[in-house]
Amino acid sequence: MQTTHRLEWTLLATPLMAFLLVCLGFPAIVNLIYSVSDISFETLRSPELSGFGNFAAVLTDSGFWLANWFSLRFGLLTAILECLIGLGLAVFLAPLFKERSWPIAILMLPLMVAPALMGLMYRLVLHEFAGPVPHYLWAWFGNSPAFLGPNSAFWTLIVVETLQWTPFAFLLFHMAYQAIPEELREAASIDGATGFARFWRIELPLMLPTLAAALLIRFIDGFRVFDNVYVLTGSGAGGSTTSLSIYIYEAFFKQAAIGKAVAASVILFAASFAVLYGLNRLARRRRR
Amino acid sequence: MKPATRFTAALAGSVFAAGLWAGAANAEVTVLGWPGGPEETALRAAADAYNAKDDVSEENKVELLFFNRDGFWDKLQADLAAGSDAFDLNLLATYSIGRYAPFMEPVELSDGAQALYGDAVLSTMQFDGKQYGVPTDLSLHFMYYRKDLIDALMSDDDAKARYAEISKEHLGTALEPKNPDDWTWDDYAATALYFTKAVNPDSPTRYGTVLQMKNLLFNIMVWQSTARSYGGDWMDADGKITVDSEAFRKGLELYKTLYDAGATPRDSLSYEFAEANAAYAAGQVAAMVQWNAAAADLTDAEKSPAVGEVTATIAPPTGPEARATHIHGLGLGLNKSAENKEGAKAFLKWLSTEEAALIYARAGGAPALSAEAVSEVAEERPDLVQLGEYAGAYGYVMNGGASANALAIYELQAKEFTGYWSGQQDLDTALANVEKGMADLLK
Chain A
0 MQTTHRLEWT LLATPLMAFL LVCLGFPAIV NLIYSVSDIS FETLRSPELS
50 GFGNFAAVLT DSGFWLANWF SLRFGLLTAI LECLIGLGLA VFLAPLFKER
100 SWPIAILMLP LMVAPALMGL MYRLVLHEFA GPVPHYLWAW FGNSPAFLGP
150 NSAFWTLIVV ETLQWTPFAF LLFHMAYQAI PEELREAASI DGATGFARFW
200 RIELPLMLPT LAAALLIRFI DGFRVFDNVY VLTGSGAGGS TTSLSIYIYE
250 AFFKQAAIGK AVAASVILFA ASFAVLYGLN RLARRRRR
Chain B
0 MKPATRFTAA LAGSVFAAGL WAGAANAEVT VLGWPGGPEE TALRAAADAY
50 NAKDDVSEEN KVELLFFNRD GFWDKLQADL AAGSDAFDLN LLATYSIGRY
100 APFMEPVELS DGAQALYGDA VLSTMQFDGK QYGVPTDLSL HFMYYRKDLI
150 DALMSDDDAK ARYAEISKEH LGTALEPKNP DDWTWDDYAA TALYFTKAVN
200 PDSPTRYGTV LQMKNLLFNI MVWQSTARSY GGDWMDADGK ITVDSEAFRK
250 GLELYKTLYD AGATPRDSLS YEFAEANAAY AAGQVAAMVQ WNAAAADLTD
300 AEKSPAVGEV TATIAPPTGP EARATHIHGL GLGLNKSAEN KEGAKAFLKW
350 LSTEEAALIY ARAGGAPALS AEAVSEVAEE RPDLVQLGEY AGAYGYVMNG
400 GASANALAIY ELQAKEFTGY WSGQQDLDTA LANVEKGMAD LLK
């Protein structure tokens, strides 16, 4: 019986394993080789092994650490904001959605826009002479802030990202909120729990796994941000809006520093794996 | 053979035959061009004219291929490095020629090419002393300014006095308004400050100028004529990097002064070509240095109703050493992995003739042609006369501007100089970082 089960498992898993090996394994191996090689566009097919110089170049580059710091701040802030607003919307608008579900479709619309297009859209919307936002600010207040200036670009990018991806967090919370059995709420109400107490002591704890998943997904998405930031501000004045993805892209294509770019991506891969592995262990320990 | 097997074999045979036929039909010259602008329209016209010639055989007809402009050079880099034979000829630019040259082959131009283009323009497609492409379009910079505003300033004594006050206060010298064709960079700065509401509340425009200061290599090309006119260069004749110089300091400080004084929109650090054009076209800017490609829109009253009729173009202001405009060329060169090299070479040779250049120019392209050649199209394309004249008189390429790492050097300067303009680092640090980075890139 066990042998049959193992055979079935092997048979069913083989296509997946083959797919992973081809699509992930091959690029990963090439990346590892390139990361320890002296490599250029001319020598892509004949890299010369050169040790760990590329890793040293990345780790001693202040630009790499600044890009990490940008990505970390951006990922954390946007994840927290999106989850807070998404949770608020899901809970406060729940009575409305119970009666009518079509407003959900409207809330979902930003998800349908490609991030690069979103960046392009805000380039227009925030332009002092072509955009509606500065136009009305000038008309009403006689002034308009520099939305993409050196001191405000980061916060503008945070707002743009939050506006686009809050609907995603909202959708997760909406489904989790709807899945809570109505009897629990009724029982709590009969026991005299106020609306806030019901939310704080019953609904929120039941939604915690969703909250954790939403935070993680949104953090990963924010951390690896590229398109909308690149379209809106590029890497920013003095490199001030360089995310880690932009750092790798620019090192690879703009500076033709292929070894350095690949070494940075290997470091990112290792760090991501370590964090995800750690989180997985933590989750398993909590389950026990 | 069973019927099913026979059917399968016949199907396989017909598919194979169809493949062979398609292969034969595809034996044309494939050209990867610059999409979506006048360059595409012009190249289409040239290709149609070439394909209609009696002596061009079916297998050497030209087929055009375009992909999106976004990330074009990166995608081309990846394709060339991978040895792609999807195109026989591809686009080239002066600043990227050194990077692509290892994957391309030198080309031979027509006998009349030198007289048609002149040495300066041909050199925009050269690397290591070899010709890698036919120059199809030339880009340089114009000073765009509002004639109505300048005329009003020049004819008003009170305005002249205010102009002198403002220039004394911000630039340390009391200046008099001048005809824009006689401007130095100080005159440009004084005019920009005078026409800025934050400096002069009576100004008819919100800003005196609009600077493109986004961390982008093309913006450094626009800016660097300031440094050049003060005698700046990337390297001296011995290959010593000379960026940390008085000339570069003057140019960088000029932008910083104007930005800090509010003479350019506050978001200028995120501005590039399109944003600057939009600001100017809104009628709220008095003068700006911009690519020649903007001339068609900004001087057209239908496309730019607020400024079209009152905008004039001249060469950028002069400095103590020179009047200068960055030039770079776009052109077409031969892919080393091309499948139809002979057909591709024949097309390139024809493209470098006067016949082809005039077809290209009439269809909207911007070739920089000799005075004699351009006179043929001067009536239809007066802008090309100015283009050829300025390229010959003021055009320059920085020493090292066509090297293998020229793009990376522009990127480096863009990052460090925008860091200075935005106040994140001082001028000494920015220049030191650029010198250090350039030393690594030019090793």
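Protein chains in written order, with numbering that gives the first Met the number 0: chain A, 0 to 287; chain B, 0 to 442.
All C-beta atoms in this analysis are idealised placements derived from N, C-alpha and C, irrespective of residue type, glycine included.
Q. So which residues on chain B does Pro149(A) lean against when the C-beta distance must stay under 8 Å?
A. Leu268, Ser421, Gly422, Gln423
Q: Consider the Cβ of Leu253(B): report whether some Cβ of chain A lies at a distance smaller than 8 Å.
A: no
**Q.** Neighbour flag for Lys348(B) against chain A, beta carbons, 8 Å
**A.** no
Q: Could you pull out every residue in the same chain whose Cβ sits closer than 7 Å to the Cβ of Trp20(B), ignoring the five residues on either side in sequence?
A: At Trp20(B) the pLDDT is 39, less than 50, meaning the model places this residue with poor confidence; the figure from the coordinates comes in the next sentence. Excluding positions up to five away in sequence, the list is empty.
(Q) Is it buried or exposed, Gly22(B), if we count other Cβ atoms within 10 angstroms and call 16 or more buried? (A) Unreliable placement is indicated for Gly22(B), whose pLDDT of 40 sits below 50; the coordinate value is still reported in the next sentence. Gly22(B) is exposed by the Cβ-count criterion.
Q: Go ahead and pull the three-state DSSP assignment for Val133(B).
A: strand
Q: Could you please give me the residues that DSSP links to Asp78(B) through a beta bridge?
A: Asp78(B) pairs with nothing; no bridge assigned.
Q: Report the residue from Arg380(B), Phe141(B), Thr428(B), Ala372(B) whose alpha carbon sits nearest the alpha carbon of Pro316(B).
A: Phe141(B)
Q: Mind checking who Trp290(B) pairs with in its DSSP beta bridge?
A: His140(B)
**Q.** Whole runs of the alpha helix (DSSP H) within the stretch 56–143 of chain A, excluding any shorter than 4 residues
**A.** 61–91, 93–98, 101–107, 114–124, 131–140
Q. With distances taken between CB atoms, is the gap from Val396(B) to Gln412(B) smaller than 8 Å?
A. no
Q: Decide yes or no for the touch test of the stretch 46–59 of chain B against the stretch 304–314 of chain B: beta carbon pairs closer than 8 Å, at least 3 of them.
A: no
Q.
Rounded to the nearest angstrom, what separates Lys146(B) and Ala295(B) at their Cα positions?
A. 17 Å
(Q) Tell me the rounded alpha-carbon separation between Ser202(B) and Phe194(B). (A) 5 Å
Q: List the residues of chain B that Lys253(A) touches, going by C-beta distances under 7 Å, in chain order.
A: Leu406, Ala407, Glu410
Q. Exposed or buried, what is Glu38(B) when buried is set at 16 or more other beta-carbons lying within 10 Å of its beta-carbon?
A. buried
**Q.** For Thr428(B), the three-state DSSP class (helix, strand or coil)
**A.** helix
Q: With Thr190(B) as the anchor, note down where its alpha helix (DSSP H) starts and where it stops.
A: 184–193
Q: Classify Asp54(B) as buried or exposed, calling it buried when 16 or more other Cβ atoms lie within 10 Å of its own Cβ.
A: exposed
Q.
DSSP three-state label for Val265(A), please.
A. helix
(Q) To be precise: take each residue of the stretch 130–141 of chain A, compare its Cβ to all Cβ atoms of chain B, and keep it if any distance is under 7 Å. Which residues remain? (A) none
Q | Whole-number beta carbon distance between Glu127(A) and Ala278(B), since they are thought to touch under 8 Å | A | 7 Å
Q: Please compile the residues from chain A whose C-beta is within a distance smaller than 9 Å of the C-beta of Asp468(B).
A: Outside the displayed range of chain B (0 to 442) lies residue 468(B), so it cannot be described from this structure.
Q | Nearest-angstrom beta carbon gap, Ala280(B) and Leu88(B) [assumed within contact, 8 Å] | A | That belief does not hold up - the Cβ atoms of Leu88(B) and Ala280(B) are roughly 35 Å apart, past 8 Å.
Q: Please list, in chain order, all residues of the same chain as Asn214(B) whose beta carbon is under 6 Å from its beta carbon, the five residues on each side excluded.
A: Ala413, Lys414, Thr417
Q. Which residue from Pro34(B), Met220(B), Gln424(B), Ala314(B) puts its Cα closest to that of Asp69(B)?
A. Pro34(B)
**Q.** Amino acids of chain B, ordered along the chain, whose beta-carbon sits closer than 8 Å to that of Phe225(A)
**A.** By Cβ distance, chain B contributes nothing, its closest Cβ being about 12 Å from Phe225(A), past 8 Å.
Q.
Distance cutoff 8 Å, beta carbons only. Does Pro101(B) sit that close to anything in chain A?
A. yes
Q: Counting only the same chain and skipping the five closest in sequence on each side, list residues whose C-beta sits under 7 Å from that of Arg361(B).
A: Val376, Glu379
Q. What did DSSP end up calling Glu62(B) once you bin it into helix, strand or coil?
A. strand
Q) How about Thr40(B) and Tyr143(B): are their beta carbons less than 8 Å apart? A) no
**Q.** Beta-carbon spacing of Gly97(B), Ala293(B) below 8 Å
**A.** no
Q: Check Gly250(B) in the structure and name its three-state DSSP category.
A: helix
Q | Val29(A), buried or exposed, once every other Cβ within 10 Å from all chains shown has been counted against 16 | A | exposed
Q) For the stretch 274–304 of chain B, which residues have a CB atom closer than 7 Å to at least one CB atom of chain A, in sequence order? A) Glu274, Ala277, Ala278, Ala281, Gln283
Q. Who are Tyr206(B)'s beta bridge partners in DSSP?
A. Val284(B)
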